[in-house]
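Before any comments, here is the structure.
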């Protein structure tokens, strides 16, 4: 029934040497190493997250962009060991409660320890706020039961809840008395954000929190998020399929394609100086007011099925630059600039081969 | 509040229509009860009974004064019914209320216990099946549930009475309690009541729980897949709270109206079972009345059964909004 019982394979990464890990991930609050999620199907494993290593840095907003089924949600779920059965999470997820302290290995926690990390340290906002609330319980009940379940002081907690709600431009009295079905989409999404912050977490994983909202509401929630992040000292992982939406918000972007990370770097770098064919193709496919529709190009082909991911670079079958090496070997990380890495065999050819006159797409 | 008022008026209207229909049935059907009563009176009294005398007797029995114009008859009949006067039973030669009244608790005891048993067993079983969805236990229970749910209660009743009653003589085959006992709160009496009631209750419960189990299973499986359940687990709520406040509440809710309708059938739900077990409840007297063409008694039974149903459904409608905030009336809460 519970996620805590998710089976695990032996860790691929030995993290006896905590200091080593520390060196690998300067200023990280959550560090994922070789994170994989597999589902055992009848005759073959389906890999829905393939050997992903990424850091969420303290105080940043990291945008994770990918198309539907690229493994975005799996990455977020793996970060709080919340992959639903029968999914198997492997690799390591290290959470650093203090910037110079020892990490907590999230995937190795006992049920009780996990309970005190989830929501208290690492919290999550789900897509579809309406369906995330119990339809027969008012919003107040959700806050109170969460506080009670974690042995928090309910009175102080509810004070905080009211503060959170008004920080999110909601009327606490009205919202707390309401049931989910009485709230609009934007209101319930904001109420859900408040609920995710009720136990004062430091990390917030947001899984397409704005996908069900209209454009205006998306923008207003995003700007609220910036304020909330500063006020409550949060580090945010923001998952979306909407590259332009998150580009203006996020400090860094990670582009996920077919269960692995294609490119990661500062937002401006990814938007203006991408060195991965998929990122550039994705940017070309984004409609903007300035570019004529004719210059938009869809990416040919379809994303691979989790049970039949191609060998080598997952993007190779759709990539115009693919060589034999791409089809057989996993591309290594190439440092384009400090902090900007791309998983491509020939990143230097990319800007020439896939041109687009973007750069201002994201804001 | 306006909804409640509207709903109550609606129910009263329904009862009014039902009673009117019973008047219509008795008064207007050709070859119906009035002709039958008239023939009976003539047979009994011979030719020396005057027409007025016959009409007077009929009026006493049925509350229908045949000489009066139709609308006067109707008004008098309705007046009598709403005053609680259901006329006199021909067969028992006693007021209908005096026959049906004492039978009510016995019937309610049978149907109420059967419903309680079937509902609690069904809901618990259904929830368990949902948690073990797809297991051998689930598949077997679904099969058994389907078979039992499609079996008429009287088949089980007949089997019980034949094997456990007559063949094995484990249970009595008729009556409400051993006739030697005087009713009261004594242990032998209560034991006897349970002993006599066991088979009728079981035959209704056995065919009833399958349906509850299947709907509970379906609802619970749906709720278990909801996003809010996953969110509740991640928020670290206890398994107990999730089971009660999340799964049970949201899975049982859609069954509430069904339960209230079932409660509405407490008076009329055991007609055949009571006859199989010769258990003097409302249903038992109803069949007696039909066999004996005892129209006043019959009508009394019919009205009681329908009114109970109307009350059950009204209660369901009025209380549902209180249980499920989504179903609250439009003017009850502001939506924003």
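Protein chains in written order, with this note's numbering: chain A, -11 to 351; chain B, 8 to 343.
Yeah, the Cβ is synthetic: ideal placement off N, Cα and C, and Gly gets one too.
Does DSSP put residue i in a helix, a strand or coil?
i	result
residue 166(B)	helix
residue 215(B)	helix
residue 322(B)	helix
residue 136(B)	helix
residue 251(A)	strand
residue 88(B)	helix
residue 273(B)	coil
residue 235(A)	helix
residue 84(A)	coil
residue 195(A)	strand
residue 322(A)	strand
residue 93(B)	coil
residue 157(B)	coil
residue 226(A)	strand
May I have the straight-line CA-CA distance separating residue i from residue j, to the nearest angstrom?
i	j	result
residue 192(B)	residue 116(B)	15 Å
residue 252(B)	residue 104(B)	45 Å
residue -1(A)	residue 64(A)	Unreliable positioning characterises residue -1(A) in this predicted model, as indicated by a pLDDT of 40, which lies under 50. The coordinate reading is nonetheless provided below. Each residue's Cα considered, the two are about 19 Å apart.
residue 163(B)	residue 210(B)	5 Å
residue 325(B)	residue 107(B)	28 Å
residue 5(A)	residue 140(B)	At residue 5(A), the pLDDT of 46 sits below 50, so the modelled position is not reliable and the matter cannot be decided from this model.
residue 237(A)	residue 231(A)	10 Å
residue 124(A)	residue 331(B)	6 Å
residue 275(A)	residue 281(A)	7 Å
residue 339(A)	residue 155(A)	43 Å
residue 120(B)	residue 208(B)	7 Å
residue 222(B)	residue 133(B)	7 Å
residue 86(B)	residue 308(B)	18 Å
residue 323(B)	residue 282(B)	30 Å
residue 233(A)	residue 53(A)	10 Å
residue 203(B)	residue 172(B)	10 Å
residue 110(B)	residue 50(B)	31 Å
residue 13(B)	residue 25(B)	18 Å
residue 94(B)	residue 271(B)	24 Å
residue 250(B)	residue 128(B)	17 Å
residue 176(B)	residue 213(B)	20 Å
residue 27(B)	residue 90(B)	15 Å
residue 242(B)	residue 95(A)	17 Å
residue 227(A)	residue 157(A)	23 Å
residue 32(B)	residue 43(B)	13 Å
residue 218(A)	residue 225(A)	14 Å
residue 126(B)	residue 151(B)	16 Å
residue 317(B)	residue 10(B)	17 Å
residue 23(B)	residue 102(B)	22 Å
Under a Cβ-count criterion, where at least 16 other Cβ atoms within 10 Å of its own Cβ denotes burial, should residue i be classed as buried or exposed?
i	result
residue 285(A)	exposed
residue 333(B)	exposed
residue 152(A)	buried
residue 319(A)	buried
residue 82(B)	exposed
residue 224(B)	buried
residue 248(A)	buried
residue 106(A)	buried
residue 351(A)	Reliability fails at residue 351(A), whose pLDDT of 37 lies under 50, so the model's placement of it is uncertain and no value is given.
residue 122(A)	buried
residue 329(B)	exposed
residue 15(B)	exposed
residue 226(B)	buried
Check whether the stretch 240 to 252 of chain A touches the stretch 55 to 63 of chain A, counting contact only when three or more Cβ pairs, one atom from each stretch, lie closer than 8 Å. yes
Could you give the uninterrupted runs of the alpha helix (DSSP H) lying entirely in the stretch 25 to 73 of chain A, keeping only those of 4 residues or more? 60 to 67
So does the stretch 88 to 106 of chain A actually touch the stretch 207 to 217 of chain B, counting three or more Cβ pairs closer than 8 Å? Short answer: they don't touch.
Between the stretch 183 to 202 of chain A and the stretch 19 to 28 of chain A, do at least 3 Cβ pairs fall closer than 8 Å? no
Within the chosen definition, does the stretch 242 to 260 of chain B reach the stretch 146 to 158 of chain A through at least 3 CB pairs nearer than 8 Å? no
Does the stretch 236 to 247 of chain B come within contact of the stretch 293 to 307 of chain B, defined as at least 3 CB pairs closer than 8 Å? no
Restricting to runs no shorter than 4 residues, where is the alpha helix (DSSP H) found entirely within the stretch 95 to 147 of chain B? Runs found: 103 to 138.
With three or more beta-carbon pairs closer than 8 Å as the criterion, would you say the stretch 73 to 85 of chain A touches the stretch 263 to 279 of chain A? no
Taking one C-beta from the stretch 132 to 149 of chain B and one from the stretch 223 to 236 of chain B each time, how about it: are there three or more such pairs within less than 8 Å? By the criterion of at least three beta-carbon pairs nearer than 8 Å, the stretch 132 to 149 of chain B is in contact with the stretch 223 to 236 of chain B.
Pick out the complete alpha helix (DSSP H) segments inside the stretch 249 to 307 of chain A, 4 residues or longer, and give them in chain order. With a minimum length of 4 residues, the unbroken runs of alpha helix (DSSP H) contained wholly in the stretch 249 to 307 of chain A fall at 255 to 260, 265 to 272.
Where are the alpha helix (DSSP H) runs, 4 residues long or more, that stay fully inside the stretch 187 to 264 of chain B, in chain order? Residue ranges of uninterrupted alpha helix (DSSP H) with 4 or more members, entirely inside the stretch 187 to 264 of chain B and ordered along the chain, are 194 to 231, 234 to 241, 256 to 259.
Do the stretch 200 to 209 of chain A and the stretch 26 to 41 of chain A meet, that is, are 3 or more Cβ pairs less than 8 Å apart? no
So within the stretch 95 to 126 of chain A, which uninterrupted beta strand (DSSP E) runs reach at least 3 residues, ignoring any that extend past its ends? 110 to 113
Continuous beta strand (DSSP E) assignments of at least 3 residues falling wholly in the stretch 158 to 197 of chain A: 191 to 195
Counting pairs of beta carbons, one from the stretch 175 to 186 of chain A and one from the stretch 107 to 119 of chain A, are three or more of them closer than 8 Å? yes
Using 8 Å as the threshold, is the stretch 180 to 197 of chain B in touch with the stretch 265 to 272 of chain B, meaning 3 or more CB pairs across them? no
Check whether the stretch 269 to 288 of chain B touches the stretch 168 to 185 of chain B, taking contact to mean three or more Cβ pairs, one atom from each stretch, closer than 8 Å. yes
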